[in-house]
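First comes the structure, then the notes that go with it.
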Amino acid sequence: MNLIESTINTPYEVIAIDSNDDKLITRLLSFGITKGSIITPLYFSIKKSTLAISVQQSQIALRYSEASRIIIEPIND
50 MNLIESTINT
60 PYEVIAIDSN
70 DDKLITRLLS
80 FGITKGSIIT
90 PLYFSIKKST
100 LAISVQQSQI
110 ALRYSEASRI
120 IIEPIND
């Protein structure tokens, strides 16, 4: 599943970044979004054009196009 399909306030582990765009990958890496990182969706904007997430104690806004490239899976406690 990708980040757009996630549930708000549920932690997920990043499995992969599905992109060949080096600029996008560099941008996500600069935010600490890497394979194995834990992210929590906080809220979607109207029409899901942007998504706010929590990663490594920071709050980050992502565009729909960026969030759709982040492959995640729920964390099983």
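Here this note's numbering is used: the first residue of the sequence shown is 50, the next is one more, and so on.
Even for Gly, the Cβ is constructed at its ideal location relative to N, Cα and C.
Remember, predicted model here, so these are calculated numbers, not experimental data.
| 8 Å contact criterion, which Ile53 and Ala101 should meet: CB distance rounded | Contact doesn't hold; Cβ gap of about 13 Å is too wide.
| In terms of residue numbering, what span does the beta strand (DSSP E) encompassing Arg112 cover? | In the DSSP annotation of this structure, the continuous segment of the beta strand (DSSP E) that includes Arg112 starts and ends at 107-112.
| query | With 16 as the cutoff for other CB atoms within 10 Å, does Tyr61 come out buried or exposed? | reply | Residue burial is scored here from C-beta neighbours: Tyr61 has at least 16 other C-beta atoms within 10 angstroms and is therefore classed as buried.
| said: I believe Ile88 touches Ile95 by the beta-carbon criterion, under 8 Å. Please report the beta-carbon distance rounded to the nearest angstrom. | reply: So it is not a contact: roughly 21 Å between Cβ atoms.
| field | Boundaries of the alpha helix (DSSP H) in which Thr130 is found, first to last residue | value | The chain is shown from 50 up to 126; residue 130 falls before or after that span and cannot be answered.
| query | I think Asp66 touches Arg112, with their Cβ atoms under 8 Å apart; what is that distance to the nearest whole Å? | reply | It should be pointed out that residue 66 corresponds to Ile in this sequence rather than to Asp. Contact doesn't hold; Cβ gap of about 14 Å is too wide.
| field | Ile124 in three-state terms, based on DSSP | value | Looking at Ile124 - three-state DSSP - the assignment turns out to be coil, as it is neither helix nor strand.
| query | With distances taken from CA atoms, which of Ser114, Tyr92, Ile64 is nearest Gln108? | reply | Comparing Cα-Cα distances from Gln108 to each of Ser114, Tyr92, Ile64, the minimum goes to Tyr92.
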